[in-house]
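Here the structure is laid out as structure tokens; the discussion comes afterwards.
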Amino acid sequence: MIRPQTRRNRIPQVLLLALSLWLSGCVNLLVHSTATSDRAFITYWPPPKDETGLRLAVKDLIDLKGTITSAGSEYLAKSGQPAQSDAACLAIARERNVVIVGKTNMSEFAVAPSGFNQYYGIPKNRLSRKVKLIPGGSSSGSAVAVQSGLADVAFGTDTAGSVRVPAACCGVVGLKTTLGLVPLDGVLPIEPKYLDTVGPIARDVDHAVQGMDLLEQGFADRYAKAVSSKPFGRQIRIGRLYLPGTDHRIDQAIDAALAAAQFHVIPLGNSLRTAWEQAKKDGNTLAAAGAWFHDQKYLGKPGVSAKTSSILALGEYEYNVNYKSALRRRLAWQEKLQKALRTVDFIAVPTLQILTPSSPPLGSTAVFEAQMLSIQNTTPISLAGNPALAVPIPIEDRAVPLTSLQLIGPPLSEAQLLNAGRLVELSVNNSIDRPLVSKSSKP
266 MIRPQTRRNR
276 IPQVLLLALS
286 LWLSGCVNLL
296 VHSTATSDRA
306 FITYWPPPKD
316 ETGLRLAVKD
326 LIDLKGTITS
336 AGSEYLAKSG
346 QPAQSDAACL
356 AIARERNVVI
366 VGKTNMSEFA
376 VAPSGFNQYY
386 GIPKNRLSRK
396 VKLIPGGSSS
406 GSAVAVQSGL
416 ADVAFGTDTA
426 GSVRVPAACC
436 GVVGLKTTLG
446 LVPLDGVLPI
456 EPKYLDTVGP
466 IARDVDHAVQ
476 GMDLLEQGFA
486 DRYAKAVSSK
496 PFGRQIRIGR
506 LYLPGTDHRI
516 DQAIDAALAA
526 AQFHVIPLGN
536 SLRTAWEQAK
546 KDGNTLAAAG
556 AWFHDQKYLG
566 KPGVSAKTSS
576 ILALGEYEYN
586 VNYKSALRRR
596 LAWQEKLQKA
606 LRTVDFIAVP
616 TLQILTPSSP
626 PLGSTAVFEA
636 QMLSIQNTTP
646 ISLAGNPALA
656 VPIPIEDRAV
666 PLTSLQLIGP
676 PLSEAQLLNA
686 GRLVELSVNN
696 SIDRPLVSKS
706 SKP
């Protein structure tokens with residue numbers, strides 16, 4: 266799942282990946298009918314036809330009173346008990362009587378960035394009219410739910426990119442919140458102490474703001490102040506970080522979007538780039554180790570997929586070999602990132618290094634998931650605990666019309682980030698070719 270750092274620890278990882286290939290047979294079997302034809306929802310409750318309020322979807326890693334939190338797993342779907350109470354992050358939505366339209370599909374136990382699910386099926390990404398694309402994960406159903414128009418906002422979780430990656434793959438907006446900002450009580454853990462967050466996925470920035478206002482009291486007012494404080498792009502300094510391995514068309518698209526928004530762009534140097542690459546490895550280590558630590562009890566249980574089992578087994582290796590050293594380097598990375606953010610308002614990087622990948626013809630394996638980890642630029646920000654916003658921008662490609670800009674801010678800068686995202690969205694909106702959907706309760 267995670268790229269090895271030395272020759273000595275390369276062999277066990279390769280063996281685990283090969284074992285996953287053999288066990289899974291490279292095939293995704295759909296053995297369960299999901300609630301909607303696009304497989305975005307595990308459970309879907311159509312809102313009343315005259316409903317005009319916000320429609321909220323909830324990732325099936327988050328407790329919803331009276332429903333089983335399956336974490337995308339056949340084993341938990343069949344053996345779990347209905348939640349006795351809502352997760353804490355749903356408190357504001359409940360107070361405001363927001364219509365919750367369902368629980369969304371996801372990668373099993375939230376460990377796979379492809380967004381595939383062998384039990385509930387693969388949520389259908391409508392971004393391209395020409396090729397079948399992966400939805401991205403692990404909050405795949407949440408991204409597809411808002412893309413398809415069946416929800417206005419969906420709550421996802423983000424440990425190493427699980428809100429931003431599906432947002433990027435599906436051409437929607439995704440916000441990873443500051444570590445600790447949104448309570449995690451009632452959310453199944455992966456690495457709650459250092460990485461886990463809850464955040465909104467939405468079709469546009471305006472709905473993402475509404476989603477954040479359901480996660481943090483008074484957020485709409487803070488966002489309004491951020492807009493009035495800096496209404497124009499020329500008032501905002503953006504540090505531009507270029508990362509190796511990025512498709513040159515994505516770099517060009519990002520530079521064009523930043524210019525169109527009239528931001529003051531400042532190139533960032535090699536020092537941060539070098540630290541970024543190490544933080545990416547360390548963040549992956551913590552995420553894999555955390556997944557094994559919290560989910561090892563499911564290994565060998567009926568219905569847990571071979572791919573998930575192999576990823577968890579690799580997490581055990583990371584926990585025993587690399588976890589402590591990765592954790593020791595975390596503070597230095599946080600200081601490095603905060604130093605860079607003292608000279609600019611935000612940092613801009615691609616959310617993904619390549620365009621949304623096509624779905625593998627034989628299904629997702631642990632090898633494919635490892636490849637996905639290598640192309641996402643989300644993990645370093647998770648390691649630091651900072652907020653980050655993924656915003657769709659247009660790109661010149663015959664099959665995939667959108668890529669994703671990731672804006673990174675200081676801790677607790679969600680309102681300011683969304684204001685910057687608003688300016689990007691305004692500057693490129695006429696160029697964005699989105700899937701044609703309308704607000705509807707039709708599944």
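Using the working numbering, the letters of the sequence shown map in sequence onto residues 266 to 708. Built from N, CA and C at the ideal position, the CB exists for glycine as well. Only a predicted model underlies this, so the values are computations on that prediction, with no experimental measurement involved.
- For residue 403, DSSP records no beta bridge to any residue.
- By alpha-carbon distance to residue 306, the top candidate from 330, 414, 358, 438 is 414.
- In the three-state reduction of the DSSP assignment, residue 336 falls in the coil class, being assigned neither a helical nor a strand state.
- Collapsing the DSSP output to three states places residue 450 in coil.
- Cβ-Cβ distances below 6 angstroms link residue 511 to 615, 618 in the same chain, with the five nearest sequence neighbours on each side left out; the list follows chain order.
- Under the three-state reduction of DSSP, residue 556 is assigned to helix.
- In the three-state scheme derived from DSSP, where H, G and I count as helix and E and B as strand, residue 601 is classed as helix.
- Here the alpha carbon of residue 668 sits roughly 13 angstroms from the alpha carbon of residue 439.
- Relative to residue 672, the option among 646, 608, 692, 335 whose CA is nearest is 646.
- Cβ neighbours of residue 693 within its own chain (closer than 7 angstroms, five residues either side excluded): 522, 525, 658, 659.
- Contact check for residue 339 against residue 573 fails: the beta carbons are separated by 8 angstroms or more.
- According to the DSSP secondary-structure assignment, residue 658 is paired through a beta bridge with 668.
- Cβ-Cβ distances below 6 angstroms link residue 530 to 503, 505, 523 in the same chain, with the five nearest sequence neighbours on each side left out; the list follows chain order.
- Scanning the stretch 450-491 from its first residue to its last, the whole beta strand (DSSP E) runs of 3-plus residues come out as 462-467.
- Here residue 452 is near residue 463, since their CB atoms are less than 8 angstroms apart.
- Taking the CA atoms as reference points, residue 437 sits about 10 angstroms from residue 473.
- In summary, residue 653 is buried, with 16 or more beta-carbon neighbours lying within 10 Å of its beta-carbon over all protein chains present.
- Note that the stretch 577-596 does not touch the stretch 604-613; fewer than 3 beta-carbon pairs, one per stretch, sit closer than 8 angstroms.
- Contact between residue 421 and residue 387 does not hold, since their C-beta atoms are separated by about 17 angstroms, which reaches or exceeds 8 angstroms.
- Pairing residue 636 with residue 514, the inter-Cα distance amounts to about 20 angstroms.
- Here residue 428 is near residue 441, since their CB atoms are less than 8 angstroms apart.
- Taken in chain order, the unbroken stretches of beta strand (DSSP E) that lie wholly in the stretch 559-629 and span 3 residues or more are 611-615.
- C-alpha of residue 391 to C-alpha of residue 412: approximately 8 angstroms in a straight line.
- Note on residue 383: 16 or more other CB atoms within 10 angstroms of its CB, so buried under the neighbour-count rule.
- Inclusion of residue 533 and residue 418 in the CB contact set at 8 angstroms is not warranted, their separation being larger than that value.
- The C-alpha of residue 638 is placed about 28 angstroms away from the C-alpha of residue 308.
- Residue 404 is a Cβ neighbour of residue 324, given a cutoff of 8 angstroms.
- Within the stretch 300-326, the runs of beta strand (DSSP E) at least 3 residues long that lie entirely inside it are, in chain order, 306-309, 320-324.
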